[in-house]
Each structure stands twice: as C-alpha cells, then as structure tokens.
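What follows is a single structure, written as structure tokens, with notes after it.
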C-alpha cells in the first residue's frame, strides 16, 4: 500500500518533585529518675550510720550496704556525664533528620539541605 506514515503525537515530559511522607516516630518519654539516698560514712559516724541503716532496712543484725571510694564515685560521675553527652548527641542527630525529612510549607524553594529524593535545579 503506498501510503503515508502516521506521525506520532508529540510527548511532553514534565518533571515535578514529589513529597513523600516519612514516618517520624515520637521521641521517647523523658526519663523519670529517682534520687538515691547518699550517706558519707567515716570512722567518726560509723556507729550512728549502722544504727540508722538497721532502722531503714527494718531488722537488727548484719546490715547490707554498698560503698564507693572517692575515686569510684568520680568514675561513676564521669560515666553518667559521658552517657548524658552521648544521649544529647543522639537526640541532635534525630532532630536533624526529622527536620530535613519534614516537608516544607507549599513552597518550591527550600532552605533545607537535599536528602537525595530529587535533585534541585540550579538556575
């Protein structure tokens, strides 16, 4: 048949960024710490301490207690500060990622850093 070839319809390609919903779990409930009772015991007050301790524990006899040296207390205190530092740094990382993955208000320009979902066009 000798005929004309049909010309295809032009194809228009439009690229637009899409917003995806990223689940942001709630931050954990803040910790509720209880204050322990601390006693400083020395040679001068050991008898009073033992009497007080047997009243606290509710029986007479051999009391049970835990002791730390001043150096051990410093280590424990340092460990707690190190845990606090670590937790605060982890929280900063969580808040950063929550911030950069939260969609902007309906806006085409964003001051947020790209997280690689779509490239930004630089004009």
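In my numbering, the protein residues as written are 1071 to 1193. We put the CB at the ideal spot given by N, CA and C, even for glycine.
Residue i, enclosing alpha helix (DSSP H) - first and last residue
i	result
residue 1163	1140-1170
Among the options, the one whose alpha carbon lies nearest that of residue i
i	options	result
residue 1157	1097, 1110 and 1137	1097
residue 1123	1138, 1107, 1114 and 1164	1107
residue 1100	1078, 1144 and 1154	1154
residue 1116	1137, 1159 and 1105	1137
Cβ distance (whole Å) where residue i is taken to contact residue j below 8 Å
i	j	result
residue 1094	residue 1161	Contact doesn't hold; Cβ gap of about 14 Å is too wide.
Cβ shell of residue i (< 7 Å), same chain only, five flanking positions each side left out
i	result
residue 1111	1119
Chain-order list of residues whose beta-carbon lies under 8 Å from that of residue i (same chain, five-residue window excluded)
i	result
residue 1185	With a pLDDT of 48 at residue 1185, under the threshold of 50, the modelled position of this residue cannot be trusted, and the question is left open.
residue 1127	1133 and 1134
Close beta carbons around residue i, own chain, < 6 Å, minus the five adjacent residues each side
i	result
residue 1102	none
residue 1130	1124
residue 1193	Bear in mind that the predicted position of residue 1193 carries a pLDDT of just 39, short of 50, making it too unreliable to give a figure here.
residue 1177	For residue 1177, the pLDDT reaches just 46, beneath the cut-off of 50, and the residue's location in the model is therefore unreliable, leaving the point undetermined.
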